[in-house]
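One structure is given here, and the rest of the page talks about it.
In the UniProt record's numbering, the protein residues as written are 1 to 391.
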């Protein structure tokens, strides 16, 4: 890793919100921002052709000024619109937006987490609803009220209309501070359009979070996970989207950072991820966040669970695109964005963080690939790929 002094902050200008050619295989832009920090973007293509991108922004992750923002790339346009602040609770840190369009009713939903400071075990999931494709929104309501419930990945609709929301549980024993060592994945199911929910745990999913689910060409389902152990991307399979196998490590590395995948029309699985792990780390930190509290948190660090501890501080770079033509059995990969990935701080005010991370991917029916990701926690970068990227 390079030292902080070896890097200069990227020069961001308003006109870079226009999507511009980088090569025959790639278009890119920086999405307009209103805040010092931008992180955890999520993309959704609406039926009218508009592309939405939501993320969280503020000063530093975990502070109460962290809220959800959104920008729109209108159909036929090549310029991202000015960002709009979507949430306004100044007492909690609101993070990890997920956009979902209900094809049966036309409703657009924005789901997001809401937590006390950096304590992810205090998070609940809230939602906003729009009936006019995101032009106006309802007041926020709580969707999942059990503390420690987190989301990150898209909502999936099964063949019978069942909604599946992948969640992960941030767990800590009373008197312990959450550090991630006992997190597990579950799915929440609704058969009545989100009015009532049941839950099913992914078996032996300790340390496997950010579960991303997609239907494969053969009609079965694939799940890929981020690893708290910062070792590998993990994989699980399901015949029906409800009953899942135990997650197993793939050959692809993971630094305890977000992943996202989708499936091309002909069945190719395309994953965006960081090709790094704890094996590439030259340092780590004791905590998860910069000093966002008043120093009065006296809880002990979480004890080691299952013989492993969550690992933080592995470099979040390079950002790569991997693809599999056999449903995740074997993979090829290519670099999308290079960098040293320094992420031992969430501090965006001093511009120290240089991670390239937390991708979101959305594949159009014609195979065009839309990707958004965190660029140094200062902006969200948008990239559009064509089929020739894989050549």
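Don't be surprised by glycine CBs; every beta carbon is placed ideally from N, CA and C.
If you're wondering where the values come from, they're calculated on a predicted model, not measured in any experiment.
Assumed close pair residue i, residue j - CB separation to whole angstroms, cut-off 8 Å
{"i": "residue 331", "j": "residue 256", "result": "That pair is no contact at about 19 Å."}
{"i": "residue 266", "j": "residue 224", "result": "With a Cβ gap of about 19 Å, residue 266 and residue 224 do not count as contacting."}
{"i": "residue 230", "j": "residue 278", "result": "4 Å"}
{"i": "residue 144", "j": "residue 125", "result": "4 Å"}
{"i": "residue 400", "j": "residue 372", "result": "No statement about residue 400 is possible, as the shown extent of the chain runs from 1 to 391 and does not include it."}
{"i": "residue 386", "j": "residue 368", "result": "7 Å"}
{"i": "residue 156", "j": "residue 68", "result": "With 8 Å as the limit, residue 156 and residue 68 do not qualify as a contact, their Cβ atoms being about 21 Å apart."}
{"i": "residue 395", "j": "residue 147", "result": "In the structure displayed, the chain extends from 1 to 391; residue 395 sits before or after that span and is not available."}
{"i": "residue 384", "j": "residue 98", "result": "Actually they do not touch by this definition, with Cβ atoms about 21 Å apart."}
C-beta contact flag for residue i and residue j at 8 Å
{"i": "residue 335", "j": "residue 318", "result": "yes"}
{"i": "residue 119", "j": "residue 56", "result": "no"}
{"i": "residue 139", "j": "residue 113", "result": "no"}
{"i": "residue 187", "j": "residue 151", "result": "no"}
{"i": "residue 236", "j": "residue 254", "result": "no"}
{"i": "residue 370", "j": "residue 51", "result": "yes"}
{"i": "residue 314", "j": "residue 276", "result": "yes"}
{"i": "residue 37", "j": "residue 59", "result": "yes"}
{"i": "residue 392", "j": "residue 136", "result": "The requested residue 392 is not part of the displayed model; the chain covers only 1 to 391."}
Nearest candidate by alpha-carbon position, reference residue i, set the options
{"i": "residue 217", "options": "328, 242, 170", "result": "328"}
{"i": "residue 262", "options": "222, 78, 239", "result": "222"}
{"i": "residue 240", "options": "158, 96, 271", "result": "158"}
{"i": "residue 175", "options": "155, 27, 121", "result": "121"}
{"i": "residue 355", "options": "205, 374, 82", "result": "374"}
{"i": "residue 189", "options": "308, 181, 209, 161", "result": "161"}
{"i": "residue 246", "options": "260, 232, 201", "result": "201"}
{"i": "residue 342", "options": "132, 281, 28, 362", "result": "281"}
{"i": "residue 180", "options": "53, 209, 191", "result": "209"}
{"i": "residue 44", "options": "53, 38, 37", "result": "53"}
{"i": "residue 17", "options": "83, 37, 324", "result": "83"}
{"i": "residue 133", "options": "308, 73, 347", "result": "73"}
{"i": "residue 316", "options": "333, 28, 63, 353", "result": "353"}
{"i": "residue 204", "options": "211, 185, 215", "result": "185"}
{"i": "residue 153", "options": "260, 49, 128", "result": "260"}
{"i": "residue 249", "options": "346, 233, 258, 242", "result": "233"}
{"i": "residue 87", "options": "65, 102, 269", "result": "65"}
{"i": "residue 264", "options": "206, 30, 325, 320", "result": "325"}
{"i": "residue 104", "options": "81, 28, 49, 191", "result": "191"}
{"i": "residue 345", "options": "376, 207, 211", "result": "376"}
{"i": "residue 242", "options": "269, 26, 211", "result": "211"}
{"i": "residue 244", "options": "339, 166, 106", "result": "166"}
{"i": "residue 333", "options": "348, 63, 269, 351", "result": "269"}
{"i": "residue 348", "options": "28, 26, 39", "result": "39"}
Burial state of residue i (16 or more Cβ within 10 Å)
{"i": "residue 91", "result": "exposed"}
{"i": "residue 337", "result": "buried"}
{"i": "residue 47", "result": "exposed"}
{"i": "residue 76", "result": "exposed"}
{"i": "residue 61", "result": "buried"}
{"i": "residue 193", "result": "exposed"}
{"i": "residue 182", "result": "buried"}
{"i": "residue 381", "result": "buried"}
{"i": "residue 142", "result": "exposed"}
{"i": "residue 251", "result": "exposed"}
{"i": "residue 33", "result": "buried"}
{"i": "residue 21", "result": "exposed"}
{"i": "residue 219", "result": "exposed"}
{"i": "residue 378", "result": "buried"}
{"i": "residue 388", "result": "exposed"}
{"i": "residue 198", "result": "exposed"}
{"i": "residue 195", "result": "exposed"}
{"i": "residue 85", "result": "exposed"}
{"i": "residue 310", "result": "buried"}
{"i": "residue 365", "result": "exposed"}
{"i": "residue 307", "result": "exposed"}
{"i": "residue 78", "result": "exposed"}
{"i": "residue 207", "result": "buried"}
{"i": "residue 391", "result": "exposed"}
{"i": "residue 258", "result": "buried"}
Proximity test, residue i beta-carbon vs the ligand FAD heavy atom, cut-off 7 Å
{"i": "residue 174", "result": "Ligands in the displayed structure: none, and consequently the ligand FAD is not present."}
Beta strand (DSSP E) runs contained entirely in the stretch 194-240, provided each spans 3 or more residues: 198-201, 208-215, 221-227, 232-238
At which residue ranges does the stretch 136-180 contain complete beta strand (DSSP E) runs of 3 or more residues, listed in the order of the chain? 141-144, 163-169
Could I get the ranges of all uninterrupted beta strand (DSSP E) runs contained in the stretch 73-146, with 3 residues as the minimum, in chain order? 93-101, 108-116, 119-130, 141-144
Segments assigned beta strand (DSSP E), at least 3 residues, entirely inside the stretch 235-280: 248-253, 260-263, 269-274
What are the uninterrupted segments assigned as beta strand (DSSP E) that are 3 or more residues long and contained completely in the stretch 23-57, given in chain order? 26-31, 37-45
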